[in-house]
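Numbering (the working numbering), first residue to last: 190 to 1212. Don't be surprised by glycine CBs; every beta carbon is placed ideally from N, CA and C. Reviewing the structure listed below.
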Amino acid sequence: MNFRKINNLFGWVTGAIATLVYLKTMEPTTSFWDCGEFISCAYKLEVGHSPGAPLFMMIQRMFGILAGGNLEKVALMINAWSAIASGLTILFLFWTITHFAKKLVAPGWEIEPNGTQTALIIGSGLVGGLAYTFSDTFWFSAVEGEVYASSSVFTALVFWAILKWERIADRPGADRWLIFIAYMMGLSVGVHLLNLLAIPALAMVYYYRRYTPTTRGAITAFIIGGLLLGLVQFGVLQGLPILASKFDLLFVNSFGLPFDSGALTFIILLVGILVWSINYAKRKNQYLLHTGMLCMTFIIIGFSSYLAPLIRSRADVPIDMTNPDNSISLVSYIQREQFGSQPLLFGPDFDKRPTDYATKGVAYARSDKGGKDQYIEVGKKIEPVFDNADKRFFPRIWDYNDPGHIRFYKSYLGLEEGEAPTSADNFSYFFRYQIDWMWWRYFMWNYSGRQNDFEGQGGAKEGNWITGIGFLDKMMGRGDMDKMSDGYKNNAARNELFLLPFILGVCGLVYQFNRNREDGIIAFVLFFFTGIAIAIYLNMPPLQPRERDYAFAGSTYAYAIWIGLGVLMVGEWINRVMKGATGAYLAVALCLLAVPTLMAKEEWDDHDRSKKTLARATAYNALQSCAPNAILFTFGDNDTYPLWYLQEVEGVRKDIRIINMSLLGIDWYIDQLNYRINDADAVPMLWKKENYTGDKGNYVRYYNNPQIPQNRYFNLAEIMQFVISDNPEAKLQTMNGEAENYYPSKNFFIPIGSKDELIAGGLLNAADTGMVSSELRFTFPKDIATKDDLAILNIIAGIAQQGWKRPIYFGGGLPGDNYVGLDDYMQLEGVVYRLMPYKYNSLTKLSGQDMGSVNLAKSYDLFMNKFQWGGAERKDVYYDEKNRIMFAAYRINAARIATELSAKGQAKEAQAILDKVMEKISEASYYYDATAYYMAMAYYQIGAKDKARELSKKLIRNAEDDINYAMGLSENRRAELESDLYRDRVIIGSLAEAAKVAGDMTSATEFQQKLQIVSQKLGQPMQ
């Protein structure tokens, strides 16, 4: 068998191994984050968040169909596509590595390697391909229905294709591969823009193959590659839609033609220009121009998948993010205007403020009033203006809007109050945080080791990269990790790779650069643009809601090439003492054992999701907690997208209207509330479309009018009309002479209406009618009401006017201000809070954060009989930190429900619900942290002393371990854990007091002694 056949065979074998691994470990249903949204949108071809992934949706849709009529298997089949795509990525990576390896050990396109050389080349592909197979970041994306697996296969495909072209570039027709690459690039945009970052590396391959290499020529090729990247991203992908929108605006508003007439005219002109250019180049024998125009044409053909969201948006599908139903809104969709932007080369620091606001564009909306199509202006697109003196080159600490980010900048850089940041501070943040923490850390997770799955911000105990070599990790400030508490020490994501993959990659890098500098540069350009360049371009602020390692997966892919090539250096070393094929086989075997085998062993337990169904379970529980035809306010991705999945794919509780507060500040989302979706009725609102369209109602300020008594309460419905009134008397004159709306008080009331209606609607028990007054009074907590705040108040006022017939729920764990001051009127029902038109004080308060009251009968029934647990009762299912956060509410709510039941004399039921949660959320699934403290306290309060004592001892042991670990750190590192150590002391002290109150004096004495010991260790007095 010749080398080509062997190479093809082992490539497919390696890809098949990877695919089988991913199919075996993939999640059987939806996952958290964007997966629920993507699966929902794919199944019904709906419109996901900008900039969209239309081709990805179409591919997922095809795989979803394979589920047949079994709706519960749709997500499984879509996840299977990610597994297959990831396996194909490994296939192309294998062939990429063997291409480079052959050039190193058997150079010459037609030279057939001998047996020893073949063993080393194939071994390189196996080691590099399998190392990437079992790498942390790539494996995570390979087993869920996200875009990154599909994105990876396009990157791998085009990079392999350019190497395929390189091998046959002198043959007639070889440049068809370039056109194929262009088409794949165009298609890949319909998955993710990350694929475009391969363009500079492709340009370097083309240059080194077609031209005599020089330093100047290489630099020129690199610059041209960067320019091509910019041309495709900004010229084609953004520029062409902008031109189409300009044509449509002109044709509709100026020429009086129908919608789309201008866009269609532009498309016809574009096709004509492309056809003419191709024919012109062919007639004039301009080969480069001809090839270039063909490539451009195929990029545009691939990009045409973006017609799908425009078409589907016009169908008014239930999920219609950004509503890109015309060429103008499609531009906003593609440009991600919803998410804002960040400065790149010039901009302000966080301590600077805008001196003015400039109009950068006009916001339009479609209108067909009077039977005439027209785009009407609904607002301005505003951007802040800063003095030139307040701008600096390469701004990294730029976010002046988020107080949390500002506090972090100051703390991280050691800035005193009022101290202005400098250029040195910007570069310090760039290198220490954006490069070291937000890229290098992720990179080393994959090829050195990972401390745990906790998302930290640079502290000693959370989320660092490690080596697994004790003294090295201690030198890096990680401390003695074997002294950590169980949740950290035994964390499944603690993966110790002993630097072996990283070292093998360094060997491959050195080996390639020493023997084929041009190929080394090509691989490095790919590594740079998919890693460091992304960190520069994204300019990420701190405190991200999740780890962002997936954005840098391309750099770990590029490094896997060098890991594979490292086998050649090891083979060369062994060849000095063991000649021939035996030495080659030994080198391959050693590298396979030292790298991919070790990685598989360490990574398997935290990447096997085959038994995990938590995202679906928590979504199901939230929906089942709601009454029929309810409105449920949610906030983040993880309490919204899994619910969308259940409704859109499996058809569960389609009567509930889910409203995401994060989107309520945008007019297109508010507009969609006016329409029925699935089985959920339209949402009652006081405002009309013209009251919130465009920039209207973006924010309204509170003005303390001295003529209005501050204890006066205003009807909420009247205030909602007042803040949008065009009456000059309802406005304030600002310092720049403009009139703006305001609200004169923060005290509002909502008329309650008939008690009989409340009883009929299930909002009131007949025995509790004495608690209800004629109006619900509350105080709005903000000085500035944003559009999303006003939308929430609108909805509540609208439902109240209709007699409270529509139940209103808020998801648990929302930021406090999102309850708009109605905290006291919330009633816990399972895992959500129902807005009640009256206050009902709880009998007990387990913590200072408990809101309102508890519906004990319903909550008990939900916990005991209806809730699903996502496999958390097992000991062999791994849940990462973000998963465990979802469990926290179950422990805390169960503890609260139990104490309320006990206070009503239902001690048996109280213990039953605590026991249920302890059984269904095992210690292996979610270690005993501060949330378990509430469970222990509840056990003591209901008199279950044995169970309270057992749980308390485990909690105290964990607290002691935390303190012992901290004492082994440097003083500066220990200071970072001050709040954690304080919490641990409070837990021990509170449990000691609870044991004493419950009459468990033996435990109380024991716990008090432990408190004394840890207080002495910390040098702090007992409290």
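Bounding residues of the alpha helix (DSSP H) (the contiguous stretch that carries E566): Premise fails: E566 lies in the beta strand (DSSP E), 563-574, not in any alpha helix (DSSP H).
Nearest-angstrom Cβ-Cβ length linking V1020 and A811, presumed shorter than 8 Å: Taking the Cβ atoms as the reference, V1020 lies roughly 6 Å from A811, within the contact range of under 8 Å.
Inter-stretch contact at 8 Å, needing at least 3 Cβ pairs: the region 646-655 / the region 1087-1101: no
Nearest residue (CA-CA) to E723, options W628, L787, Y748, I750: A small fix is needed here, since residue 723 is Ile in this sequence, not Glu. Out of W628, L787, Y748, I750, W628 has the C-alpha closest to the C-alpha of I723.
C-beta contact flag for W762 and G697 at 8 Å: no
Closest residue to K291 among V756, E929, F903 (Cα-Cα distance): Nearest C-alpha to K291: V756.
Where the beta strand (DSSP E) containing V551 begins and where it ends: 545-556
Other residues of its chain near T1007: CB distance less than 7 Å, five sequence neighbours each side excluded: Note that residue 1007 is Asn in the sequence shown, not Thr. Cβ within range, chain order: F824, M850.
Backbone CA spacing between P933 and L458 [nearest angstrom]: 56 Å
Residue closest to S494, alpha-carbon to alpha-carbon, out of I1152, T208, P240: P240
Sequence-distant residues of its chain with Cβ nearer than 6 Å to S1226 (five each side left out): As shown, the chain starts at 190 and ends at 1212. That puts residue 1226 outside it, with no answer to give.
8 Å contact criterion, which F199 and G314 should meet: CB distance rounded: 6 Å
Euclidean distance between Cα positions of N863 and A504: Roughly 15 Å between the two C-alpha positions.
Proximity below 8 Å, CB of M393 to CB of V714: yes
Y1067 beta carbon less than 8 Å from that of D795: Going by C-beta atoms, D795 is nearer than 8 Å to Y1067.
Complete runs of the beta strand (DSSP E) confined to the region 768-849 [at least 3 residues]: 820-823, 846-849
For N936: DSSP bridge partner residues: T968
Nearest-angstrom Cβ-Cβ length linking I859 and Y881, presumed shorter than 8 Å: 5 Å
Backbone CA spacing between Y809 and T214 [nearest angstrom]: 23 Å
Segments of 3+ residues assigned as beta strand (DSSP E) that fall wholly inside the region 690-756: none
Rounded C-alpha distance that separates L534 from Q524: 19 Å
Buried versus exposed call for G379 [16 or more other C-beta atoms within 10 Å across all chains shown]: buried
Burial state of A268, where buried means 16 or more other Cβ atoms lie within 10 Å: Residue identity differs from the one stated: residue 268 is Asn in this sequence, not Ala. It is buried - the Cβ of N268 has at least 16 other Cβ atoms within 10 Å.
Burial state of E736 (16 or more Cβ within 10 Å): It counts as buried.
Cβ separation of A776 and G312, assumed to be a contact under 8 Å, to the nearest whole Å: 7 Å
G676 classed as buried or exposed, judged by whether at least 16 other C-beta atoms fall within 10 angstroms: buried
Buried versus exposed, by CB contacts within 10 Å (16 or more), D325: buried
Exposure label - Q861; buried when at least 16 CB within 10 Å: buried
N-terminal and C-terminal residue of the beta strand (DSSP E) that D975 is part of: As written in the sequence, residue 975 is Thr, which differs from the Asp given in the question. Counting along the chain, the beta strand (DSSP E) containing T975 begins and ends at 973-975.
E792 to N684 span [Cα, whole Å]: 6 Å
Cβ pair count under 8 Å reaching 3, the region 866-879 against the region 945-965: no
With 16 other Cβ atoms within 10 Å as the buried cut-off, status of P610: buried
Cβ shell of N936 (< 6 Å), same chain only, five flanking positions each side left out: Y902, T968
Through-space distance from K971 to P164, alpha-carbon basis: This structure leaves residue 164 out entirely; the chain is present only between 190 and 1212.
Other residues of its chain near T802: CB distance less than 7 Å, five sequence neighbours each side excluded: P217, T218, G1059, G1060
Y211 versus V342: straight-line alpha-carbon distance, rounded: 14 Å
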